[in-house]
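Novice:
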Amino acid sequence: MARVTTYMGFTIPHLLRSACRLCPAHSALVVLRHSASCYLYSEWVISQAKVCGITNESETVKRLRLAITNKDFTFKAGQWVDFFIPGVSVIGGFSMCSSPGLLEREGVLELAVKYTDHPPAHWIHTECTLDSEVALRVGGDFFFDPQPGDTPVKLVLIAGGVGINPLFSILLHVADLHGYQESKGNGYKMGTVKLYYSAKNTSELLFKKNILGLMSAFPGKITCRFHVTQQSSPICEELQPHVTEGRISEKDLEKHVSKDTLWYICGPPPMIESISELLYNSGVPRNCVFFEKWW
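Quick note: the sequence shown, position 136, residue 136 per full-length UniProt numbering, numbers continuous.
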């Protein structure tokens, strides 16, 4: 039986790790700033949170908006949270799909959770309501957190299915960095970002309208190519210029290989393994490829 501690009215089982993830690659690159708190549970900040918004992102994915009560709670774009639910002994593990800037500006973060029988996901889809209270704890060393003095880099983000969540967080953070540069004229000078996002069909492409909006707001700086592998219905006119039928290929990616490009991949393990091997074979150094696997 796991040891338990009561925090802010919640019973939190320590080391009960039911979140389905593998450890992502590590890197010494300055753009990924690891801290001891990423690895030591005792130093992680736990916050109570209240559900303040629930929307259907797709037929199988709910998007939660959570108001954070602890002012010391922060995260980096790409990280996940342990999700503690009162009365549910299993801990959820969900990547943030919002930017750190949204938390700073409004005190909220967002999660997009696909329906499964996994108890935390099942609770979100069947029992969670506005004003439901949970607790959150940040973790993970898969993130993008450049500082003002860092050398500019380009990013290629590669997502499969709900693996878009941490990459959408990174994309929103990039938009914040561009916006800050344009308004203030200082801070980190971001390079270009290309997102490749694959799903079975366009109805399963999460955040697609938001992504189109980012491309429109930052032309040439943020671009995206959607890939669909089992599309049976016509593709809507708005998406058509940006959609390719078929999987992400070597030809798609090889044009982006350069010494100042970082690669972030999140999706099913077989996809990550095939794409990372493809990148290594194309000459991309292993310390420029970062991934998070979910199953």
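A virtual CB, placed ideally from N, CA and C, is assigned to each residue, including glycine.
To the nearest angstrom, how far is it from the Cα of Glu204 to the Cα of Cys266?
Specialist: Roughly 16 Å separates the two Cα atoms.
Novice: Checking the sheet assignment: what are the DSSP bridge partners for Asn56?
Specialist: Bridge partners of Asn56: Lys62.
Novice: Give the secondary structure of Gly267 by DSSP, where H, G and I count as helix, E and B as strand, and everything else as coil.
Specialist: Gly267 falls in the strand class under three-state DSSP.
Novice: Distance, Cα to Cα, Asn70 vs Ile46?
Specialist: Going from the Cα of Asn70 to the Cα of Ile46 covers about 8 Å.
Novice: On the DSSP bridge list, what partners appear for Val228?
Specialist: For Val228, which the question treats as bridged, DSSP gives the partners Ala199 and Glu245.
Novice: Got a sec, what are the start and stop residues for the alpha helix (DSSP H) Arg105 sits in?
Specialist: Looking at the DSSP string, the run of the alpha helix (DSSP H) that includes Arg105 is Pro100 to Glu106.
Novice: In angstroms, rounded to a whole number, what distance separates the CA positions of Leu109 and Phe291?
Specialist: Computed Cα separation, rounded: 22 Å.
Novice: Would Tyr280 be called buried (16 or more neighbouring beta carbons within 10 Å of its own) or exposed?
Specialist: Tyr280 should be labelled exposed.
Novice: Which word fits Pro24, buried or exposed, when buried means at least 16 other C-beta atoms lie within 10 angstroms of its C-beta?
Specialist: Because Pro24 carries a pLDDT of 32, less than 50, the predicted location of this residue cannot be relied on, and the following value inherits that uncertainty. It counts as buried.
Novice: When the Cα of Ala199 is compared with those of Pro148, Met271 and Asn186, which residue comes out closest?
Specialist: Of the listed residues, the one whose Cα sits closest to Ala199 is Met271.
Novice: If we count the other Cβ atoms within 10 Å of its Cβ and call it buried at 16 or more, is Arg65 buried or exposed?
Specialist: When all chains shown are included, Arg65 counts as buried.
Novice: Do you know whose CA, among Ile170, Glu254 and Gly53, lies nearest Pro100's CA?
Specialist: Closest by alpha carbon: Ile170.
Novice: Drop a sphere of 10 angstroms on the beta-carbon of Leu32, count the other beta-carbons inside from all chains shown, and report buried for 16 or more, exposed for fewer.
Specialist: Confidence is the limiting factor: at Leu32 the pLDDT is only 31, short of 50, which leaves the residue's position unreliable and the question unanswerable from this model.
Novice: Check this for me: beta carbons of Val162 and Phe83, under 8 Å apart or not?
Specialist: Taking 8 Å as the Cβ cut-off, Val162 and Phe83 do not qualify as a contacting pair.
Novice: Can you check the segment 140 to 204 for any beta strand (DSSP E) of at least 3 residues that lies completely inside it and give the ranges in chain order?
Specialist: Counting only runs of 3 or more, we get 154 to 160 and 193 to 199.
Novice: Taking only the alpha-carbon atoms, compute the straight-line gap between Leu224 and Thr126 and give it to the nearest angstrom.
Specialist: Reading off the sequence shown, one finds Cys at residue 224, where the question assumed Leu. Distance between the alpha carbons of Cys224 and Thr126 is about 33 Å.
Novice: For Glu57, count the other beta carbons within 10 Å of its own beta carbon; 16 or more makes it buried, fewer makes it exposed. Which is it?
Specialist: Glu57 comes out buried.
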